[in-house]
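J.: Chains as they are written, first to last, in the numbering used here: chain G, 2 to 325; chain A, 2 to 325. A virtual CB, placed ideally from N, CA and C, is assigned to each residue, including glycine. Note that this is a predicted model, so its numbers are computed, not measured. Take a look at this one; I'll ask things after.
2 protein chains.
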Amino acid sequence: MPDNNLVQRLLDGDKRALARVISKIEREDPETTEIVAGIYQKTGDAMTIGFTGPPGVGKSSIIAKLVKLYRSEDKRVGIVSVDPSSPFSKGAILGDRIRLSDHFLDPGVFIRSMGSRGHLGGLAGGARRAALAMEAAGMDVVLYETVGVGQGEVEVASAADTVVLALQPGAGDSVQALKAGVMEIADVFCINKSDHPRSKAAASEVRSILEIGYELDPHPWFPPIVMTRGDTGEGVEELKETIEKHRAHLKQSGQFEKRRRSALRDLVVTWAADRLQREMRHRLGSEDTELMERVYSRELDPISASERIFKAVGDAATRDTDFG
Amino acid sequence: MPDNNLVQRLLDGDKRALARVISKIEREDPETTEIVAGIYQKTGDAMTIGFTGPPGVGKSSIIAKLVKLYRSEDKRVGIVSVDPSSPFSKGAILGDRIRLSDHFLDPGVFIRSMGSRGHLGGLAGGARRAALAMEAAGMDVVLYETVGVGQGEVEVASAADTVVLALQPGAGDSVQALKAGVMEIADVFCINKSDHPRSKAAASEVRSILEIGYELDPHPWFPPIVMTRGDTGEGVEELKETIEKHRAHLKQSGQFEKRRRSALRDLVVTWAADRLQREMRHRLGSEDTELMERVYSRELDPISASERIFKAVGDAATRDTDFG
């Protein structure tokens with residue numbers, strides 16, 4: 002049984018209860034099912050924004066400035082920040098966190114850093130569940146911040162209503178983003194460090210790449226490019242307005258409902274897949290080690306082994322009365 | 002029933018049969034189980050190398066030169082190149098492919114590009130199955146080439162015996178890789194464009210980062226840093242020898258067996274997870290749309306919905322006589 006009191010305290014907006022709930026549902030604690038069932042009705046009203054882009058472009062500085070703007074409107078803001086799990090990063094790389102520290106003591110801001118636990122499937126699901134908890138705790142805006150331009154990071158950011166891709170002038174970042182297949186998920190582009198001599202060149206480079214894509218597949222929203230300065234906050238107001246324009250466009254075009262549904266579908270699918278992986282790894286570490294020995298010795302192929310364990314787990318799930 | 006003739010032709014080294022098999026098992030064709038069962042015994046002898054690193058550092062040029070060296074020893078080489086699925090990349094970005102074109106006509110080289118199909122779990126599994134097929138077709142060396150520094154790309158590369166992380170001087174790439182949690186999976190570092198004025202600085206930057214990690218967690222293999230030039234081939238011979246040294250180290254220390262086992266375990270787990278996701282998406286698109294309507298309307302939470310569909314799929318798998 003989950004601590005009903007804990008869920009109630011979260012719904013009342015208690016930040017410590019929120020932190021404890023996120024810890025539980027992030028690591029797929031057995032209480033997750035009941036906790037999510039208890040909070041889900043209170044979700045769906047927050048505005049969600051995904052922030053992605055290569056490391057070092059200054060995402061955290063922009064987010065810090067953006068949060069300030071939302072706070073001046075008295076909106077409560079939750080941030081799910083996805084950090085790679087690296088033995089090196091344990092305490093060593095604190096730059097991004099420090100930039101957000103302006104808001105650490107603000108009761109209207111809640112920041113949660115998540116490690117990738119070596120698995121992006123699990124990461125995407127965990128980040129989304131954390132965002133649900135933040136919404137239920139009364140956050141008006143939930144921001145996903147992801148570091149990197151890989152497809153996995155994209156998966157996390159794409160759960161949001163609006164995805165902002167931050168780039169910086171020079172360093173070939175726009176081409177990097179293009180190569181990693183990230184550009185097509187961006188609703189709004191943000192060229193940070195707009196005081197850089199090459200910032201205009203970067204913007205037109207991005208624009209021409211977007212135009213090629215647009216010719217191949219015209220759609221009603223052409224992603225605007227906003228020039229910002231994370232250090233001074235220049236352009237961040239415009240970025241905020243652009244995000245709102247995109248949101249209005251989604252609602253007018255009926256895309257909003259579609260996106261939200263797709264994000265929920267992903268949540269449903271990834272939860273089960275994560276659960277299956279967890280249970281399979283558990284089995285492979287105990288009762289099914291003999292099966293794996295046969296795989297190692299080339300006696301049994303890995304796909305057949307997988308099908309057998311899949312069945313066994315499915316069988317157990319069907320008999321299991323804890324769920325459903 | 003799979004085309005037994007097709008499997009036989011693959012085992013005989015027929016490249017067209019290999020291409021067809023990869024197409025089938027990559028997209029999880031129903032024949033996959035039987036095809037993999039038919040080829041698995043002929044796998045396990047190839048040397049596998051993962052090549053990762055940020056886009057634009059010249060991985061493909063180094064790989065092209067490395068392939069030349071293996072070919073001069075009459076070794077057959079398979080390359081699994083992972084490209085992001087981007088509507089922009091369809092025909093637009095051919096740089097990397099062109100650099101590999103030296104080997105397109107060589108009968109001892111087989112190159113396969115894979116799109117990410119928007120899902121990295123599926124990608125990692127597909128790439129590994131493709132590598133199995135290449136091994137069974139007689140490739141002595143299988144190279145995974147991944148674009149990007151995200152965790153997902155890491156997952157693909159980490160299936161290999163030896164992982165090479167390619168970086169270039171300047172552009173803060175080493176720090177990017179560090180932030181993305183990639184450095185700890187590298188067995189060998191390759192600083193490409195060694196003629197660049199900042200190449201020595203880049204090497205010492207990497208070395209000092211590695212030393213910090215080493216102090217936290219000392220292990221018997223300290224990743225060597227090799228300086229290369231993809232354009233002239235300088236240093237690629239040394240890179241090849243370093244990869245062989247790493248392989249010898251793995252075998253002496255007993256790590257080789259451990260890595261291979263871990264890669265097979267991942268293959269077993271991801272296959273089932275991919276299959277579950279596929280079946281769930283299929284259901285959500287047809288019979289369970291009503292269930293999803295209840296999720297959209299906030300009547301039923303997504304985790305409970307997921308558990309129900311998971312059970313239904315597991316139930317079907319248990320009744321299913323096609324597998325096992």
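Just reading off the alpha helix (DSSP H) that Glu35 of chain A is part of, what are its end residues?
T.: Per DSSP, the continuous alpha helix (DSSP H) segment holding Glu35 of chain A begins and ends at 33-40.
J.: Please classify Leu67 of chain A as buried or exposed, where buried requires at least 16 neighbouring CB atoms within 10 angstroms.
T.: buried
J.: Does Ser287 of chain A come out as helix, strand or coil in the three-state DSSP assignment?
T.: coil
J.: Does chain G have any CB closer than 9 Å to the CB of Lys60 of chain A?
T.: No, Lys60 of chain A does not count as interfacial toward chain G.
J.: Quick check on Leu144 of chain G - is its C-beta less than 9 Å from some C-beta in chain B?
T.: Included in the structure are the protein chains G and A, with no chain B among them.
J.: Hey, Gly51 of chain G and Val227 of chain G are a contact pair by Cβ (cut 8 Å); roughly how many whole angstroms apart?
T.: Wrong, their Cβ atoms sit about 15 Å apart, outside the cutoff.
J.: Would you verify that the beta carbon of Gln256 of chain A is, or is not, closer than 9 Å to some beta carbon of chain G?
T.: no
J.: Measure the C-alpha to C-alpha separation of Thr243 of chain G and Leu265 of chain A and round it to an integer number of angstroms.
T.: Rounded to whole angstroms, Thr243 of chain G to Leu265 of chain A spans 47 Å at the Cα level.
J.: Where DSSP assigns a beta bridge to Leu19 of chain G, which residues make up the other side?
T.: Beta-bridge pairing links Leu19 of chain G to no other residue.
J.: Is it buried or exposed for Ile213 of chain A, if we count other Cβ within 10 angstroms and need 16 for buried?
T.: exposed
J.: Counting Cβ pairs, one atom from each stretch, are 3 or more of them under 8 Å apart for the region 265-279 of chain A and the region 289-300 of chain G?
T.: When C-beta atoms of the region 265-279 of chain A are compared with those of the region 289-300 of chain G, three or more pairs fall below 8 Å, so the two segments count as touching.
J.: With Thr243 of chain G as the anchor, note down where its alpha helix (DSSP H) starts and where it stops.
T.: 237-254
J.: With Leu144 of chain G as the anchor, note down where its beta strand (DSSP E) starts and where it stops.
T.: 142-147
J.: Does the separation of the CB atoms of Glu207 of chain A and Leu168 of chain A fall below 9 Å?
T.: The residue asked about is misnamed: residue 207 of chain A is Val in this sequence, not Glu. Their beta carbons are under 9 Å apart, which means Val207 of chain A touches Leu168 of chain A by this criterion.
J.: Residue range of the alpha helix (DSSP H) that Ser61 of chain G falls in?
T.: 60-73
J.: How is Thr271 of chain A classed by DSSP in three states: helix, strand or coil?
T.: helix
J.: What number of angstroms, rounded off, separates the C-alpha of Ala137 of chain G from the C-alpha of Gly127 of chain A?
T.: 38 Å
J.: Taking Cβ-Cβ distances shorter than 9 Å, what residues in chain G pair up with Ala38 of chain A?
T.: Leu301, Asp302, Ile304, Ser305
J.: Can you tell me where the beta strand (DSSP E) with Arg113 of chain A in it begins and where it stops?
T.: 110-115
J.: Could you compute how far the alpha carbon of Lys91 of chain G sits from the alpha carbon of Glu216 of chain A?
T.: Note that Lys91 of chain G has pLDDT 33, beneath the 50 cutoff, so the model's placement of it is unreliable and the number below is only indicative. Their backbone Cα atoms lie some 13 Å apart in a straight line.
J.: Does Met293 of chain G come within less than 9 Å of chain A when only Cβ atoms are used?
T.: It does; some Cβ of chain A falls within 9 Å.
J.: Any idea if Ser1 of chain G is buried or exposed, counting beta-carbon neighbours within 10 angstroms, 16 or more meaning buried?
T.: No information on residue 1 of chain G is available, as it lies outside the stretch 2 to 325 that chain G covers here.
J.: Determine the chain G residues that contact Tyr297 of chain A at a beta-carbon separation under 9 Å, and present them in chain order.
T.: Glu258, Arg261, Arg262, Leu265
J.: Indicate whether at least one CB of chain A lies closer than 9 Å to the CB of Glu308 of chain G.
T.: yes
J.: With DSSP as the reference, please indicate the residues paired to Val165 of chain G in a beta bridge.
T.: G:Phe52, G:Val189
J.: If you compare alpha carbons, which of A:His197, A:Leu211, A:Met281, A:Asp196 is closest to Ile186 of chain A?
T.: Closest by alpha carbon: A:Leu211.
J.: From what residue to what residue does the alpha helix (DSSP H) around Gly214 of chain G run?
T.: 200-217
J.: So, for Tyr71 of chain A: in the same chain, excluding its five sequence neighbours on each side, which residues have a beta-carbon less than 7 Å away from its beta-carbon?
T.: Val78, Val142, listed in sequence order.
J.: For Met228 of chain G, report the span of its beta strand (DSSP E) as first-last.
T.: Annotation: the continuous beta strand (DSSP E) that includes Met228 of chain G extends over 226-228.
J.: Excluding five sequence neighbours on each side, which residues of the same chain lie with their C-beta closer than 8 Å to the C-beta of Val314 of chain G?
T.: The beta carbon of Val314 of chain G sits closer than 8 Å to those of Leu277, Glu280, Met281, Arg284, all from its chain and outside the five residues before and after it, given in chain order.
J.: By the three-class DSSP mapping on this structure, what secondary structure does Ser82 of chain A have?
T.: strand
J.: What distance in whole Å lies between the Cβ atoms of Arg21 of chain A and Leu328 of chain A, which are believed to be in contact at a cut-off of 8 Å?
T.: In the structure displayed, chain A extends from 2 to 325; residue 328 of chain A sits before or after that span and is not available.
J.: Which word fits Thr290 of chain G, buried or exposed, when buried means at least 16 other C-beta atoms lie within 10 angstroms of its C-beta?
T.: Exposed, since its Cβ has fewer than 16 Cβ neighbours within 10 Å.
J.: Would you say Asp141 of chain G faces chain A, with C-beta separation under 9 Å as the test?
T.: no
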